[in-house]
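Respectively, the protein sequence lines represent chains A and B. Counting in the working numbering, the first sequence runs from 0 upward without gaps. Counting in the working numbering, the second sequence runs from 0 upward without gaps. No residue lacks a Cβ here, since even glycine has one placed at the ideal position from N, Cα and C. Here the structure is a predicted model, which means the values were calculated and not measured.
Number of protein chains: 2
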Amino acid sequence: MARTGRRPGQTETREAILAAARDLFGRNGYEGATIRAIAAEAGVNPALVHHFFGSKDQVFATALHLPADPGAVVSAILDGPRPQVGERLVRLFLTLWETPASRDAFFGVLRSVSTTEQAADMLRGFIQGALLDKIADALDIPPLRVTGIAAQLVGLAMVRYVVQVDPLARASHEDVVALIAPAVQQYVDRA
Amino acid sequence: MARTGRRPGQTETREAILAAARDLFGRNGYEGATIRAIAAEAGVNPALVHHFFGSKDQVFATALHLPADPGAVVSAILDGPRPQVGERLVRLFLTLWETPASRDAFFGVLRSVSTTEQAADMLRGFIQGALLDKIADALDIPPLRVTGIAAQLVGLAMVRYVVQVDPLARASHEDVVALIAPAVQQYVDRA
C-alpha cells in the first residue's frame, strides 16, 4: 500500500527496514548485507536502522522471526485437536515458505547459517530461546522430540525448495501434508 | 600416509585431488573453490585435474558421492531386516557425518546449494539420477516417500551439525537413533 504526501510513521519505517533486510539477507546472506545497504534499500538514513535495532545482528534476529514466528507456531499447535498437530504444522510452514517474503527470509537464513558461525549462533540462540521450550511445553513432550520435528520441517524446506528434488518439489500441498504430517505426528504421539 | 621417493599412481592422484576438492568445497563452497586451488592443494598440475575429471562440475559431482554413496545407502537398506531400515539409515548417516572428510563434504554441498543455482542443479541431478530410484526400488516404496526420508535426514544434519540446536546437538548416537529412526521407519512401513 503506497502512501504519499506524509512521512511514514515509526511502525511503517521499522517494517520498511525489516523488509529491506529480509530482501538483502535473502539475496546476499548475512555477511553480504550491510546496515548501509539495508538503509539505502529502505530509503532511510542508516542512523535510523541503528536507532530501531541497534546492530546488524539485531536486524537479522528480528527479520529471522518471520519464517518461524513463535506465536504462530504455538497457535498452530494449540488451536485444534492433538491428533492433527502434525498436519497443522506442515500446513503452516508450507504457507510460510510459499509466501515470497518468508521464503526469501528462510533462504537468507539458510545461506547465512551455512556460511557464518555467527549466523548459526544467532539462529541457535533464537530457536533455543524463543521456540523450543514454548513448543515442548505446548505439546507436553521433551525438547529433544521438538528438535526431531524441527529437523523434519527444515529438511522438507531443503529438499523441496532449495535442492528442489522431484517428486517432492512438484508435489501439491495436499500431497506434501499427506507425506510429512504423519512423520511429525509420531513425534507428538510417541509414548 | 606420506609416500616419498616415487610418483603416486593414478588412483592415488585421483584420490588426492578429490580430498583437496572436498576440503576446498567444504571451506569455500562451490564458487570459492577453483580447479587451480584444488590442484595446488593436491600438489598436482591443474591439467591433471582436467584430465581426471574434465571440469570443476565433475570434480564437485564426484566429491559429492562421498557423503551419500549410493552403494552404501542401498546396502544399509538391504543388509538386514526391514523393520530396522530406519535405524540402519540413521546410523549410516551419523557415521558419515562424524567422519571429518564426509562432514566437510556435506557442509561444502550445503553451502553451495544454498548460494548457487548451479550447485543445487548438480545435487538435484545426482540425487534424482543416482539415489532416489535405487532406494525406492530397494525398499519397494514410491519415490515421494524416499524424499520424505531424505528430508528427515538432511534436516537432522542441519539441526544437529550446522545450527547445532540443543538438546539434539549434544545427544549421543544412541539417543539420536532412538529419536529419528522411528520417523524414518514409518515412511517405510506406511500402507
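Near residue i, what residues of its chain come up, given a Cβ to Cβ distance below 8 angstroms and the 5 sequence neighbours on each side ignored?
i               : result
T42 of chain B  : Sequence inspection shows Gly at residue 42 of chain B; the Thr mentioned does not correspond to that position. Cβ neighbours of G42 of chain B beyond the five flanking positions: A15.
A135 of chain B : P141, P142, R144 and V145
G147 of chain B : Y186
A190 of chain A : none
G79 of chain B  : R87
Please report the residue range of the alpha helix (DSSP H) in which residue i lies.
i               : result
I148 of chain B : P142 to A156
A137 of chain A : D132 to L138
Among residues of its own chain, excluding the 5 on either side of residue i, which ones have a beta-carbon nearer than 7 angstroms to its beta-carbon?
i               : result
A75 of chain A  : R87, L88 and L91
G85 of chain B  : A180, P181, V183, Q184 and V187
A168 of chain B : R159
A71 of chain B  : L91
M0 of chain A   : Only weak support is given to the placement of M0 of chain A: the predicted model assigns it a pLDDT of 45, under 50, and the value that follows is read from those uncertain coordinates. Within the same chain, M0 of chain A has no close Cβ partners at all.
How many angstroms separate the CA atom of residue i from the CA atom of residue j?
i               : j               : result
K55 of chain B  : P45 of chain B  : 11 angstroms
F105 of chain A : G8 of chain B   : 46 angstroms
R13 of chain A  : I179 of chain A : 36 angstroms
I126 of chain B : Q151 of chain B : 15 angstroms
D188 of chain B : A36 of chain B  : 47 angstroms
L17 of chain A  : D139 of chain B : 47 angstroms
W96 of chain B  : Y160 of chain B : 8 angstroms
I34 of chain B  : V153 of chain B : 28 angstroms
H50 of chain A  : D165 of chain B : 33 angstroms
V175 of chain B : F52 of chain A  : 38 angstroms
G31 of chain A  : A39 of chain B  : 28 angstroms
Q83 of chain A  : A177 of chain A : 11 angstroms
L122 of chain A : A60 of chain A  : 8 angstroms
V48 of chain A  : A119 of chain A : 22 angstroms
L23 of chain B  : L93 of chain A  : 34 angstroms
E11 of chain A  : V112 of chain A : 28 angstroms
R26 of chain B  : M157 of chain B : 17 angstroms
P99 of chain B  : S171 of chain B : 18 angstroms
Q218 of chain A : Q163 of chain B : Residue 218 of chain A lies beyond the stretch modelled for chain A, which goes from 0 to 190, so this question has no answer here.
A149 of chain B : R81 of chain B  : 18 angstroms
E173 of chain A : E173 of chain B : 34 angstroms
For residue i, which residues of its own chain have a beta-carbon under 6 angstroms away from its beta-carbon, when the five flanking residues on both sides are left out?
i               : result
L131 of chain A : P142 and V145
T3 of chain B   : Reliability fails at T3 of chain B, whose pLDDT of 47 lies under 50, so the model's placement of it is uncertain and the value that follows must be treated cautiously. Nothing listed; no residue qualifies.
L155 of chain B : I179
A137 of chain A : V73, I76 and L77
L65 of chain A  : Summary for L65 of chain A: the model assigns pLDDT 45, below 50, so the residue's position carries little reliability; its value from the coordinates is reported in the next sentence. Closer than 6 angstroms at Cβ, skipping near neighbours: S101 and A104.
I20 of chain A  : What sits at residue 20 of chain A in the sequence shown is Ala, not Ile. Contacts found: I37, V58 and A62.
Point to revise | Ordered list of alpha helix (DSSP H) runs contained in the stretch 34–112 of chain A, each at least 4 residues | key: 34–41, 45–52, 55–63, 69–77 and 84–96
Exercise for review: Could you pull out every unbroken alpha helix (DSSP H) segment of at least 4 residues lying fully inside the stretch 157–190 of chain B, listed in chain order?
Suggested key: 172–188
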